[in-house]
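**Student:** Numbering (this note's numbering), first residue to last: 86 to 485.
Take a look at the following structure, please.
Spelled out as structure tokens, the structure:
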């Protein structure tokens, strides 16, 4: 009994010694952190860390013993659980390191979005599902790296129970059998978000976690996603916070209406607070834009990424990769075809446009093994396309 009491006291001491959460610019709570440069979130995604997308990191995937396979599910099934766990633990340790965060900070970035698979909470994985184990320890290490350098952290349920999108490696299992949209998997999704919430509020490594995205790019046409899962996700996160008696609530983030899955606010509880939204803006796949440099720059500068006043809004995924139909066949779009000035301007135009209508952005991705800096922020800086100092972007004239 006495030992149990000491454990409770120690746990409470940890909880109440944690610093206040980092908050988005403009938040009305009394614990606003003023570290966000120019009042905007400027960050990158840590894609292919905890949810590996083989197209993005082919060499690393092969080193893990997974070459030629399409998703984490396939790799674990092929290697067997123990061997796969060892391979993924090595991957987590080397894909993102302190050196990466030092480099991000030197470029003026202030935020990271971390895509996660629900299997991080191993209690939620069912018999017959194939996912790596042991990720929680590495998530805590990565969040400590970020927190110690003052980065704002967004955690995102990128891969949901049962798979939320068809034939996508970002869902953790490349399959057309999409099964997320039912009560059982909705509940597993809520349970995962509750698990993340508890970690965020009770582990000092996660002290700068300020937002949780409830699900990444769900398939369209499922209205019960909004009527069932969204309110239950919000309530689940708030229930954990209520039980912990925390004052600094996390932002709960939903895909915005522009994603095409309906109005995310329609079924949320009356008085829902600290709700946020995200837009994924890949001009690459917008066929309405004419295939000219001028049209892409104009769209980047003038497109309203928050037409339905879903505030705060963040553009959490975007890049400077052009449409597939022209990126290699048309010399005007090739990255090795003397088009550096266009790509420099296009990057600055997107930053300018997104910061005009939203609270900021996170670029997809921080790094890639494609030999193509258009998908890799780090490589684009090295190539002289993305500036090392973002403070001059607003005055660059990209949208003049």
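Here a beta-carbon is modelled for each residue, glycine too, at the ideal position from N, C-alpha and C.
Closer than 8 Å is the cut-off here; do at least three beta carbon pairs connect the segment 337-354 with the segment 299-308?
**Tutor:** yes
**Student:** Could you please give the first and the last residue of the uninterrupted alpha helix (DSSP H) stretch that includes residue 148?
**Tutor:** Within the chain shown, residue 148 is the residue found at index 63, counting from 1. That run of the alpha helix (DSSP H) goes 143-148.
**Student:** In the structure shown, what three-state DSSP assignment does residue 130 receive?
**Tutor:** Reading the chain shown from its first residue, position 45 is the one you call residue 130. Here residue 130 sits in strand by DSSP.
**Student:** Using 8 Å as the cut-off, can you tell me whether the segment 327-342 makes contact with the segment 376-387, which would need three or more C-beta pairs spanning the two stretches below that distance?
**Tutor:** no
**Student:** Looking at residue 188 and residue 232, is the spacing between their C-beta atoms short of 8 Å?
**Tutor:** By 1-based counting over the chain shown, the position of residue 232 is 147. By 1-based counting over the chain shown, the position of residue 188 is 103. Cβ atoms of residue 232 and residue 188: not closer than 8 Å.
**Student:** Quick one: any contact between the segment 166-175 and the segment 200-214, if contact means 3 or more CB pairs under 8 Å?
**Tutor:** The segment 200-214 and the segment 166-175 do not touch, with fewer than three beta-carbon pairs separated by less than 8 Å.
**Student:** Of the choices 393, 434 and 419, whose alpha-carbon is the least far from that of residue 385?
**Tutor:** Counting from one through the chain shown, the residue named residue 385 turns up at place 300. Per the Cα distances, 434.
**Student:** Tell me whether residue 113 is buried or exposed, calling it buried when 16 or more other Cβ atoms sit within 10 Å of its Cβ.
**Tutor:** By 1-based counting over the chain shown, the position of residue 113 is 28. Since pLDDT at residue 113 reaches only 39, below the 50 mark, its modelled position is unreliable, and no value is offered.
**Student:** Please classify residue 218: does DSSP put it in a helix, a strand, or coil?
**Tutor:** Within the chain shown, the letter at position 133 stands for residue 218. Coil, per DSSP.
**Student:** Over what stretch of residues does the beta strand (DSSP E) that includes residue 446 continue unbroken?
**Tutor:** Walking along the chain shown from the start, residue 446 turns up at place 361. It spans 445-448 - the beta strand (DSSP E) in which residue 446 sits, taken as one unbroken run.
**Student:** What is the DSSP secondary structure of residue 297, reduced to helix, strand or coil?
**Tutor:** Taking the first residue of the chain shown as position 1, residue 297 is located at position 212. Strand, per DSSP.
**Student:** Our contact map puts residue 369 next to residue 408 with C-beta atoms below 8 Å; I'd like the distance itself, whole angstroms only.
**Tutor:** If you number the chain shown from 1, residue 369 lands on position 284. If you number the chain shown from 1, residue 408 lands on position 323. So it is a contact: roughly 5 Å between Cβ atoms.
**Student:** Can you tell me whether DSSP reads residue 362 as helix, strand or coil?
**Tutor:** Working through the chain shown from its first residue, we reach residue 362 at position 277. Reduced to three states, the DSSP call for residue 362 is strand.
**Student:** Are there 16 or more other CB atoms within 10 angstroms of the CB of residue 422, so buried, or fewer, so exposed?
**Tutor:** Walking along the chain shown from the start, residue 422 turns up at place 337. Label assigned to residue 422: exposed.
**Student:** So residue 205 and residue 224 are in contact, right, with Cβ under 8 Å, and what is the actual spacing, rounded?
**Tutor:** By one-based count along the chain shown, residue 205 stands at place 120. By one-based count along the chain shown, residue 224 stands at place 139. At roughly 7 Å, the Cβ-Cβ gap stays under 8 Å, so residue 205 and residue 224 are in contact.
**Student:** In or out: residue 367 buried (at least 16 other Cβ within 10 Å) or exposed?
**Tutor:** Counted from its first residue, the chain shown places residue 367 at position 282. It is exposed - the Cβ of residue 367 has fewer than 16 other Cβ atoms within 10 Å.
**Student:** Figure out for me which residue from 201, 259 and 483 has the closest Cα to the Cα of residue 387.
**Tutor:** Sequence index remark: in the chain shown, residue 387 carries index 302 (1-based). Measuring from the Cα of residue 387, the nearest candidate turns out to be 483.
**Student:** Can you check the segment 338-414 for any alpha helix (DSSP H) of at least 4 residues that lies completely inside it and give the ranges in chain order?
**Tutor:** 378-387 and 409-412
**Student:** Can you look up residue 243 in the DSSP assignment and give me helix, strand or coil?
**Tutor:** The residue given as residue 243 occupies position 158 in the chain shown. In the structure shown, residue 243 sits in a strand (DSSP, three-state: E or B).
**Student:** By the three-class DSSP mapping on this structure, what secondary structure does residue 139 have?
**Tutor:** Counting from one through the chain shown, the residue named residue 139 turns up at place 54. In the structure shown, residue 139 sits in a helix (DSSP, three-state: H, G or I).
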